[in-house]
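Residue numbers (our numbering): 1164 to 1268.
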(Lines of atoms letter the chains of each structure in order from A and count residues from 1; the text may use other names and numbers.)
(Lines give C-alpha, C1' and ligand atoms only; values in the text may rest on other atoms or scores of the structure.)
Protein backbone atom coordinates (compact mmCIF):
# COMPACT_ATOMS: atom_id res chain seq x y z
CA UNK A 1 0.00 0.00 0.00
CA UNK A 2 1.19 3.51 -0.83
CA UNK A 3 0.08 6.45 1.25
CA UNK A 4 0.20 9.79 -0.48
CA UNK A 5 -1.41 13.18 -0.59
CA UNK A 6 -2.72 14.41 -3.92
CA UNK A 7 -4.48 17.54 -5.07
CA UNK A 8 -7.37 16.40 -7.23
CA UNK A 9 -9.03 18.64 -9.80
CA UNK A 10 -12.31 16.86 -10.42
CA UNK A 11 -15.08 15.42 -8.32
CA UNK A 12 -14.97 11.66 -7.70
CA UNK A 13 -17.13 9.42 -9.85
CA UNK A 14 -19.71 7.53 -7.79
CA UNK A 15 -19.93 3.85 -8.69
CA UNK A 16 -21.57 0.83 -7.08
CA UNK A 17 -18.38 0.18 -5.11
CA UNK A 18 -18.23 3.77 -3.89
CA UNK A 19 -16.47 6.95 -5.04
CA UNK A 20 -13.48 6.55 -7.36
CA UNK A 21 -11.08 9.03 -8.91
CA UNK A 22 -12.08 10.78 -12.11
CA UNK A 23 -10.08 9.32 -15.00
CA UNK A 24 -8.16 12.57 -15.63
CA UNK A 25 -7.15 12.77 -11.96
CA UNK A 26 -6.18 9.10 -11.95
CA UNK A 27 -3.96 9.46 -15.02
CA UNK A 28 -2.46 12.63 -13.53
CA UNK A 29 -1.43 10.69 -10.42
CA UNK A 30 0.22 8.05 -12.61
CA UNK A 31 2.13 10.63 -14.67
CA UNK A 32 3.29 12.35 -11.47
CA UNK A 33 4.43 9.02 -10.05
CA UNK A 34 6.46 8.40 -13.20
CA UNK A 35 8.04 11.84 -12.93
CA UNK A 36 8.73 11.54 -9.21
CA UNK A 37 9.71 7.88 -8.79
CA UNK A 38 10.30 6.53 -12.28
CA UNK A 39 9.59 2.91 -11.37
CA UNK A 40 8.74 0.16 -13.85
CA UNK A 41 5.13 0.05 -12.62
CA UNK A 42 4.80 3.82 -13.13
CA UNK A 43 5.98 3.53 -16.73
CA UNK A 44 3.59 0.66 -17.37
CA UNK A 45 0.65 2.64 -15.96
CA UNK A 46 1.36 5.69 -18.12
CA UNK A 47 1.97 3.50 -21.15
CA UNK A 48 -1.42 1.86 -20.62
CA UNK A 49 -3.06 5.30 -20.86
CA UNK A 50 -1.43 6.22 -24.17
CA UNK A 51 -4.52 5.30 -26.21
CA UNK A 52 -6.69 7.67 -24.12
CA UNK A 53 -4.43 10.74 -24.12
CA UNK A 54 -1.98 12.35 -26.51
CA UNK A 55 1.66 12.56 -25.50
CA UNK A 56 1.17 16.32 -25.25
CA UNK A 57 -1.69 15.89 -22.80
CA UNK A 58 0.35 13.46 -20.70
CA UNK A 59 3.28 15.89 -20.67
CA UNK A 60 1.15 18.93 -19.85
CA UNK A 61 1.80 20.79 -16.60
CA UNK A 62 -1.75 20.02 -15.49
CA UNK A 63 -1.10 16.28 -15.78
CA UNK A 64 2.31 16.45 -14.16
CA UNK A 65 2.19 18.93 -11.27
CA UNK A 66 5.26 17.01 -10.23
CA UNK A 67 7.78 17.90 -7.55
CA UNK A 68 10.61 17.14 -9.94
CA UNK A 69 11.86 19.29 -12.80
CA UNK A 70 12.63 16.24 -14.95
CA UNK A 71 10.52 16.20 -18.11
CA UNK A 72 8.43 13.20 -18.99
CA UNK A 73 10.68 12.63 -22.02
CA UNK A 74 13.78 12.64 -19.81
CA UNK A 75 12.14 10.25 -17.37
CA UNK A 76 11.21 7.89 -20.21
CA UNK A 77 14.81 7.98 -21.41
CA UNK A 78 15.96 6.98 -17.92
CA UNK A 79 13.78 3.85 -18.02
CA UNK A 80 16.53 2.23 -20.06
CA UNK A 81 18.32 1.73 -16.74
CA UNK A 82 15.47 -0.24 -15.15
CA UNK A 83 16.16 -3.96 -15.29
CA UNK A 84 13.93 -6.26 -17.29
CA UNK A 85 13.34 -8.22 -14.07
CA UNK A 86 11.50 -5.23 -12.60
CA UNK A 87 9.10 -5.19 -15.56
CA UNK A 88 8.74 -8.98 -15.42
CA UNK A 89 7.77 -8.73 -11.73
CA UNK A 90 4.61 -6.95 -12.90
CA UNK A 91 3.80 -9.58 -15.51
CA UNK A 92 5.30 -7.97 -18.61
CA UNK A 93 6.80 -10.57 -20.95
CA UNK A 94 10.11 -10.23 -22.79
CA UNK A 95 8.47 -8.99 -26.00
CA UNK A 96 6.60 -6.36 -24.04
CA UNK A 97 9.75 -5.24 -22.27
CA UNK A 98 11.65 -4.62 -25.47
CA UNK A 99 8.72 -2.80 -27.06
CA UNK A 100 6.76 -1.27 -24.17
CA UNK A 101 6.67 1.03 -22.31
CA UNK A 102 10.08 2.38 -23.18
CA UNK A 103 9.28 2.46 -26.87
CA UNK A 104 12.32 0.45 -27.96
CA UNK A 105 12.16 -2.37 -30.48
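Idealized CB from N, CA, C, for every residue including glycine.
- Nearest neighbour of residue 1195 by Cα position, chosen from 1170, 1217, 1174, 1214, turns out to be 1170.
- Here the alpha carbons of residue 1220 and residue 1237 stand approximately 16 Å from one another.
- Judged by their CB atoms, residue 1212 and residue 1190 are nearer to each other than the 7 Å cut-off.
- Judged by DSSP secondary structure, residue 1190 falls outside any beta strand (DSSP E) and instead within the alpha helix (DSSP H) spanning 1186–1199.
- Nearest C-alpha to residue 1242 among 1223, 1184, 1198, 1252: 1198.
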